[in-house]
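Engineer:
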């Protein structure tokens with residue numbers, strides 16, 4: 101979107117310009133509002149917007165937010181490295197209001213350039229440069245010299261309501277005057293924004309139940325916990341990291357003494373590399389898990405400084421029993437019977453440890469661990485298979501048109517483990533990748549392990 105320098109974006113007399121639920125990808129800028137912005141007794145809002153742009157997702161080089169005007173930035177994510185949510189050079193806040201809530205910038209700058217002569221900039225629960233901004237000092241470093249900080253678990257009328265049409269604010273709810281509509285008392289209704297969630301607090305552990313229907317967990321929570329749960333398939337239970345609380349100290353995903361049976365799938369992940377940079381670190385702990393024709397699927401990038409642990413577990417699956425269907429083009433009709441799938445997994449300063457566990461895969465062309473869309477171990481990450489026993493008729497690890505890349509001082513290690521893959525078919529190696537790259541002072545090692553193989557240990 102571009103407002104030419106010779107043109108004016110002018111909002112007056114209870115007007116609303118709302119950009120809601122939009123994703124933008126551009127090698128240049130995102131929303132360029134020109135040099136003559138005018139917001140008086142009206143609302144200019146960007147809500148639920150995500151963009152991968154070169155610099156600032158919202159850019160305005162001049163104008164005024166005047167009396168009764170409200171510029172709202174909420175759930176705006178600038179995901180490209182070093183980008184900011186907004187550049188407001190030349191914009192003056194003079195008698196109006198600016199609110200910035202639950203926004204995130206991959207760069208160290210959140211919003212820059214705003215000049216304040218009168219009026220208040222209210223902020224709540226924002227991230228820049230990989231950390232949650234909590235104090236006026238934090239916001240000063242992120243580009244905003246004067247702010248009113250509302251804590252993440254708090255609320256304020258200045259963040260939620262259009263003041264001109266709001267009669268009162270109580271229990272975090274706006275009560276509207278005549279003419280105000282919706283949750284924010286706007287002059288007219290606008291599409292509801294998708295929520296990224298957040299502020300949901302701790303979630304009790306799901307315990308001692310049998311799940312028989314597909315369900316997604318996330319919803320703004322910082323925790324997804326399962327204790328002594330039976331996932332009875334064929335169902336898919338998803339833990340969507342992308343929809344969890346981006347402003348928590350950490351994301352916690354826990355499985356204890358759980359059983360996956362009958363083709364059940366547990367999917368954990370959902371982040372792109374760019375979005376992962378904006379999320380808090382994740383702690384994924386899976387202990388004493390038993391899988392009987394079930395599949396654990398890890399997909400997407402992990403936030404930096406995360407850890408994934410699979411320990412003291414037994415995972416068994418067969419071709420035809422496991423219900424996992426590959427999504428790699430050209431392989432949709434194939435069956436491999438995996439008990440663990442790594443789908444586009446990117447480890448970024450992250451520890452992945454599989455220890456004291458047994459994986460068993462039965463059937464022709466079976467693969468105990470299936471890799472799709474590549475496996476990246478990057479930026480001082482570690483991938484350990486330690487003290488594990490894997491028994492597969494054909495493959496221990498099989499990558500579908502995928503490479504293994506270990507880079508940036510990372511370690512990929514198979515240690516103290518035993519593999520059995522008796523197939524003697526040509527090209528049916530125990531571990532098969534398209535290409536293997538080890539770069540930047542990284543290590544790929546196989547240590548103190550025993551292999552009983554019909555063909556090769558590694559094919560690339």
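Residue numbers (our numbering): 101 to 560.
All C-beta atoms in this analysis are idealised placements derived from N, C-alpha and C, irrespective of residue type, glycine included.
(1) Can you tell me whether residue 102 is buried or exposed? The criterion is at least 16 other CB atoms within 10 Å of its CB, across all chains shown.
(2) What's the C-alpha gap between residue 268 and residue 276?
(3) For a minimum of 4 consecutive residues, which ranges assigned as the alpha helix (DSSP H) are wholly contained in the stretch 242 to 329?
(4) In the DSSP assignment, what residue or residues form a beta bridge with residue 498?
(5) Please report how far the alpha carbon of residue 299 lies from the alpha carbon of residue 560, in whole angstroms.
(6) Considering just the uninterrupted stretch of the alpha helix (DSSP H) at residue 374, what are its terminal residues?
(7) Alpha carbon to alpha carbon, how far is residue 147 from residue 262?
(8) Out of curiosity, what's the CA-to-CA distance linking residue 120 and residue 250?
(9) Would you report the Cα separation of residue 310 and residue 286, rounded to the nearest angstrom?
(10) If you run the structure through DSSP and keep just helix, strand and coil, what is residue 190?
(11) Taking just the CA atoms, how far does residue 142 sit from residue 278?
(12) Less than 8 Å between the C-beta atoms of residue 193 and residue 160, yes or no?
(13) Between the stretch 397 to 412 and the stretch 429 to 437, do at least 3 Cβ pairs fall closer than 8 Å?
(14) How many Å lie between residue 252 and residue 428 at the Cα?
(15) Can residue 180 and residue 206 be called in contact, C-beta distance under 8 Å?
(16) Roughly how far, in whole angstroms, is the beta-carbon of residue 259 from the beta-carbon of residue 199, given that I think they are within contact range, below 8 Å?
(17) On the three-pair Cβ rule with 8 Å, is the stretch 211 to 221 touching the stretch 381 to 391?
(18) Distance, Cα to Cα, residue 240 vs residue 323?
(19) I need the straight-line Cα distance from residue 536 to residue 235, nearest angstrom please.
(20) For the ligand NAD, is there any heavy atom lying closer than 7 Å to the beta carbon of residue 506?
(21) Which residue wins for smallest C-alpha separation from residue 489, given the options 509, 520, 354?
(22) List the residues that DSSP assigns as beta-bridge partners of residue 448.
(23) Please look up how many angstroms separate the CB atoms of residue 184 and residue 156, rounded, as I've assumed it's under 8 Å.
(24) Of all the options 449, 550, 507, which has the alpha carbon lying nearest to the alpha carbon of residue 481?
(25) For the stretch 184 to 243, list the beta strand (DSSP E) runs that are entirely contained and at least 3 residues long, ordered along the chain.
(26) Given a threshold of 16 other Cβ atoms within 10 Å of its Cβ, counted over all protein chains shown, does residue 421 qualify as buried or as exposed?
(27) How would you label residue 317, buried or exposed, when you count the other beta carbons within 10 angstroms and need 16 or more for buried?
(28) Under a Cβ-count criterion, where at least 16 other Cβ atoms within 10 Å of its own Cβ denotes burial, should residue 231 be classed as buried or exposed?
(29) Which residues mark the beginning and the end of the beta strand (DSSP E) in which residue 465 is found?
Structural biologist: Checking against the coordinates, here is how it stands:
(1) The residue you call residue 102 lines up with position 2 of the chain shown. So residue 102 ends up on the exposed side.
(2) Stepping through the chain shown from its first residue, residue 268 is reached at position 168. Stepping through the chain shown from its first residue, residue 276 is reached at position 176. Answer to the nearest angstrom: the Cα atoms are 7 Å apart.
(3) 257 to 260
(4) Position 398 of the chain shown, counted from the first residue, corresponds to residue 498. DSSP lists 470, 532 as partners of residue 498.
(5) Along the chain shown, read from residue 1 onward, the residue named residue 299 stands at position 199. Along the chain shown, read from residue 1 onward, the residue named residue 560 stands at position 460. Here the model assigns residue 299 a pLDDT of 48, short of 50, so the residue's position is not dependable, and the following value carries that caveat. Taking the straight line from one Cα to the other gives about 46 Å.
(6) Residue mapping note: residue 374 aligns to position 274 of the chain shown, counting from 1. Counting along the chain, the unbroken alpha helix (DSSP H) around residue 374 starts and ends at 373 to 376.
(7) Taking the first residue of the chain shown as position 1, residue 147 is located at position 47. Taking the first residue of the chain shown as position 1, residue 262 is located at position 162. Between residue 147 and residue 262, the C-alpha separation is close to 14 Å.
(8) Position 20 of the chain shown, counted from the start, is the residue given in the question as residue 120. Position 150 of the chain shown, counted from the start, is the residue given in the question as residue 250. Cα to Cα, residue 120 sits roughly 23 Å from residue 250.
(9) Counting from one through the chain shown, the residue named residue 310 turns up at place 210. Counting from one through the chain shown, the residue named residue 286 turns up at place 186. Taking C-alpha positions only, residue 310 is separated from residue 286 by approximately 45 Å.
(10) Working through the chain shown from its first residue, we reach residue 190 at position 90. Here residue 190 sits in coil by DSSP.
(11) Mapped onto the chain shown, residue 278 falls at position 178. Mapped onto the chain shown, residue 142 falls at position 42. Answer to the nearest angstrom: the Cα atoms are 16 Å apart.
(12) By 1-based counting over the chain shown, the position of residue 193 is 93. By 1-based counting over the chain shown, the position of residue 160 is 60. No, these two residues do not count as a Cβ contact at 8 Å.
(13) Under the Cβ criterion (8 Å, minimum of three pairs), the stretch 397 to 412 does not count as touching the stretch 429 to 437.
(14) Counting from 1 along the chain shown, the entry for residue 252 is found at position 152. Counting from 1 along the chain shown, the entry for residue 428 is found at position 328. Spanning the two alpha carbons is a distance of roughly 40 Å.
(15) Taking the first residue of the chain shown as position 1, residue 180 is located at position 80. Taking the first residue of the chain shown as position 1, residue 206 is located at position 106. Contact flag set, yes.
(16) Numbered from its first residue, the chain shown carries residue 259 at position 159. Numbered from its first residue, the chain shown carries residue 199 at position 99. 5 Å between Cβ atoms; contact.
(17) With a cut-off of 8 Å on Cβ pairs, the stretch 211 to 221 is not in contact with the stretch 381 to 391, counting fewer than three such pairs.
(18) Position 140 of the chain shown, counting from 1, holds the residue named residue 240. Position 223 of the chain shown, counting from 1, holds the residue named residue 323. One C-alpha to the other measures close to 31 Å.
(19) By one-based count along the chain shown, residue 536 stands at place 436. By one-based count along the chain shown, residue 235 stands at place 135. So the alpha carbons of these two residues sit roughly 45 Å apart.
(20) The model on display carries no ligand, and the ligand NAD is accordingly not part of it.
(21) One-based indexing of the chain shown puts residue 489 at position 389. The candidate whose alpha carbon is nearest that of residue 489 is 520.
(22) Translated into positions along the chain shown, residue 448 becomes position 348. In the DSSP assignment, residue 448 is bridged to 478.
(23) For the purposes of this step, residue 184 is taken as the residue at position 84 of the chain shown. For the purposes of this step, residue 156 is taken as the residue at position 56 of the chain shown. Right, their Cβ atoms sit about 5 Å apart.
(24) Walking along the chain shown from the start, residue 481 turns up at place 381. With distances taken between Cα atoms, residue 481 lies closest to 449.
(25) 184 to 187, 191 to 201, 215 to 224, 226 to 228, 231 to 233
(26) The count along the chain shown starts at 1 and reaches residue 421 at position 321. With 16 or more Cβ atoms within 10 Å of its Cβ, residue 421 is classed as buried.
(27) Stepping through the chain shown from its first residue, residue 317 is reached at position 217. By the 10 Å Cβ count, residue 317 comes out buried.
(28) Along the chain shown, one-based indexing puts residue 231 at 131. Under this definition residue 231 is an exposed residue.
(29) Here residue 465 corresponds to residue number 365 of the chain shown, with the count starting at 1. From DSSP, residue 465 is part of no beta strand (DSSP E); its letter is neither H nor E.
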